[in-house]
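Student:
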Ligand SMILES: Cc1ncc(COP(=O)(O)O)c(C=O)c1O
């Protein structure tokens, strides 16, 4: 892994950009060109050989060719994205789902099996369960309480041991904040690897972001982000990213070229700008979430709070937290007494917190996972993963904690008295 002399927060304002190449502009200009002139035909040929990974091609990245392959704003962004995770290489995409789908398509082939953690973001679940089977790829879930031995036995019982190609983890999981042990996943991958196939571990680290967890340091081969969330942080764009070693990222970029799912110049520029404030936004959102979590935990209408900052010491979840997480993040979920009706009543009563899906923005957002982001997850898997009708997901933004608490208090006041513990 690459080490930078400066901390990521400091390097973010200058890394991978030389102002003297752009008339001294302090900020990288936006390059709105779809194609780039080659200095001569021989160089054009050499760059194409590199971009397509052809035999005999020179090492390293090609020069600028065409914006579906690379463009200046994408290159600056990708090098900056590597800083927080200490990754060798990164690929940026038009959305989180574009990063996830291109990575899975690049690494899997018909006959392969994916082991995935559940709960998992609804869109990823759809891709695993509805799209990949069309290409002959099966998948099997595992749950937070499963240990290595029980997962091994299930894989063997299902006849999947020779077919297991990839372990896909989302930790903390959307929407319940469940943690999955990354070093355990890496041990499982090793146990099922053979001389013919190396089982890869992919981690969707959208929820905590690199400020809260660095999966590559805990045995993951690749880390994935919906950069739509904390990395961009303003709910004004979609983006995705995949980070890891240069060889795997090269393979994924080749897939991206033909899917055409790279990030556009403007969104790459916008995301680079957002990365400059990533650390301060995270620090403030994490702090506010802690205050809001304390309030929710003590509220009689809250049956259960799902928050990484209040895990029971000595529990398996707390042990994973101490091993791989650097802070508790700013995502909360809580169960109310009652079901969907009570959850809807609460959501409909919020005023400052917006009723919308997505997360990680400057504004606080709340939603009902069972009927919104995770609507398509089959009931049996929802039950096993704890995606209940009384569960509300809350992304804590940059508002003042007292204002957020006042808004939540008002929404709780709209619930019938009978729907509280006392
Ligand atoms: C954990 C997680 N991963 C991936 C995605 C997909 O990202 P995008 O909406 O940017 O495609 C989401 C979206 O909510 C998510 O929450």
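Residue numbers (the working numbering): 7 to 428. Just so it is clear, CB atoms sit at the ideal spot from N, CA and C, and this is done for glycine as well.
(1) Confirm, please, whether the CB-CB distance from residue 339 to residue 414 is below 7 angstroms.
(2) In the structure shown, what three-state DSSP assignment does residue 243 receive?
(3) Taking all protein chains shown into account, decide if residue 385 is buried (16 or more other Cβ within 10 angstroms of its Cβ) or exposed.
(4) Identify every residue that forms a DSSP beta bridge with residue 147.
(5) Which whole-angstrom value is the C-beta distance of residue 349 and residue 395, which I expect to be below 8 angstroms?
(6) Going residue by residue through the stretch 231–301, where are the continuous beta strand (DSSP E) segments of at least 3 residues, counting only ones entirely within it?
(7) Using a threshold of 6 angstroms, is the CB atom of residue 101 nearer than that to any non-hydrogen atom of ligand 1?
(8) With burial defined as no fewer than 16 other Cβ atoms inside 10 Å of the residue's Cβ, what is the status of residue 380: buried or exposed?
(9) Please tell me whether, using a cut-off of 6 angstroms, the distance from the CB of residue 234 to the nearest non-hydrogen atom of ligand 1 is below it.
(10) When we look at the beta-carbon of residue 200 and count the other beta-carbons within 10 Å, is it buried (16 or more) or exposed?
(11) Classify residue 163 as helix, strand or coil using the three-state DSSP reduction.
(12) How many Å lie between residue 238 and residue 257 at the Cα?
(13) Tell me where the alpha helix (DSSP H) around residue 196 begins and ends.
(14) At a cut of 8 angstroms, does the stretch 228–244 reach the stretch 41–51 through at least three beta carbon pairs?
(15) Starting from residue 499, trace the beta strand (DSSP E) in both directions and tell me its first and last residue.
(16) What residues in its chain sit with their C-beta under 6 angstroms from that of residue 209, if we drop five residues either side in the sequence?
(17) What would DSSP say about residue 351, mapped onto helix, strand or coil?
(18) DSSP three-state label for residue 44, please.
(19) How many angstroms separate the CA atom of residue 121 from the CA atom of residue 408?
(20) Between which two residues does the alpha helix (DSSP H) carrying residue 113 extend?
(21) Give the secondary structure of residue 401 by DSSP, where H, G and I count as helix, E and B as strand, and everything else as coil.
(22) Do you know how far the Cα of residue 426 is from the Cα of residue 345?
(23) Where does residue 3 fall in DSSP's three states?
(24) Among the residues of its own chain, which have a CB less than 7 angstroms from the CB of residue 32, if the five just before and after it don't count?
Tutor: With the given structure in hand:
(1) Position 408 of the chain shown, counting from 1, holds the residue named residue 414. Position 333 of the chain shown, counting from 1, holds the residue named residue 339. No; because the gap between Cβ atoms is not below 7 angstroms, this pair is not in contact.
(2) Along the chain shown, one-based indexing puts residue 243 at 237. Residue 243: coil per DSSP, three-state reduction.
(3) Reading the chain shown from its first residue, position 379 is the one you call residue 385. Residue 385 is classed as exposed because its beta carbon has fewer than 16 other beta carbons within 10 Å across all chains shown.
(4) Numbered from 1 along the chain shown, position 141 holds the residue referred to as residue 147. Beta-bridge pairing links residue 147 to 122.
(5) For the purposes of this step, residue 349 is taken as residue 343 along the chain shown, with counting starting at 1. For the purposes of this step, residue 395 is taken as residue 389 along the chain shown, with counting starting at 1. Indeed, because the Cβ distance is near 7 angstroms, the residues count as touching under 8 angstroms.
(6) Listed in chain order, they are 246–250.
(7) In the chain shown, counting from the first residue as 1, residue 101 sits at position 95. Yes, the beta carbon of residue 101 sits closer than 6 angstroms to at least one heavy atom of ligand 1.
(8) Reading the chain shown from its first residue, position 374 is the one you call residue 380. By the neighbour-count definition (other C-beta atoms within 10 Å, threshold 16), residue 380 is a buried residue.
(9) The residue given as residue 234 occupies position 228 in the chain shown. Residue 234 Cβ: within cutoff of ligand 1.
(10) The residue you call residue 200 lines up with position 194 of the chain shown. Exposed, because fewer than 16 other Cβ atoms sit within 10 Å of the Cβ of residue 200.
(11) Your numbering for residue 163 matches position 157 in the chain shown. Residue state, collapsed to three classes: helix.
(12) Along the chain shown, read from residue 1 onward, the residue named residue 238 stands at position 232. Along the chain shown, read from residue 1 onward, the residue named residue 257 stands at position 251. Rounded to whole angstroms, residue 238 to residue 257 spans 25 angstroms at the Cα level.
(13) The residue labelled residue 196 in the question sits at position 190 within the chain shown. Looking at the DSSP string, the run of the alpha helix (DSSP H) that includes residue 196 is 188–197.
(14) no
(15) Nothing in the structure corresponds to residue 499, since the chain is present only between 7 and 428.
(16) If you number the chain shown from 1, residue 209 lands on position 203. For residue 209, where only same-chain residues beyond five positions count, the Cβ hits under 6 angstroms are 175, 221, 226 and 229.
(17) By 1-based counting over the chain shown, the position of residue 351 is 345. Note: residue 351 maps to helix in three-state DSSP.
(18) Your numbering for residue 44 matches position 38 in the chain shown. Three-state result, residue 44: coil.
(19) To locate residue 121, count along the chain shown from 1; it is residue 115. To locate residue 408, count along the chain shown from 1; it is residue 402. Distance between the alpha carbons of residue 121 and residue 408: 42 angstroms.
(20) Position 107 of the chain shown, counted from the start, is the residue given in the question as residue 113. Segment 102–113, the alpha helix (DSSP H) holding residue 113.
(21) Counted from its first residue, the chain shown places residue 401 at position 395. Strand, per DSSP.
(22) The count along the chain shown starts at 1 and reaches residue 345 at position 339. The count along the chain shown starts at 1 and reaches residue 426 at position 420. For residue 345 and residue 426, the distance between alpha carbons rounds to 12 angstroms.
(23) Residue 3 is absent from the model: the chain starts at 7 and stops at 428.
(24) Position 26 of the chain shown, counted from the first residue, corresponds to residue 32. So the list reads 25, once near-sequence residues are dropped.
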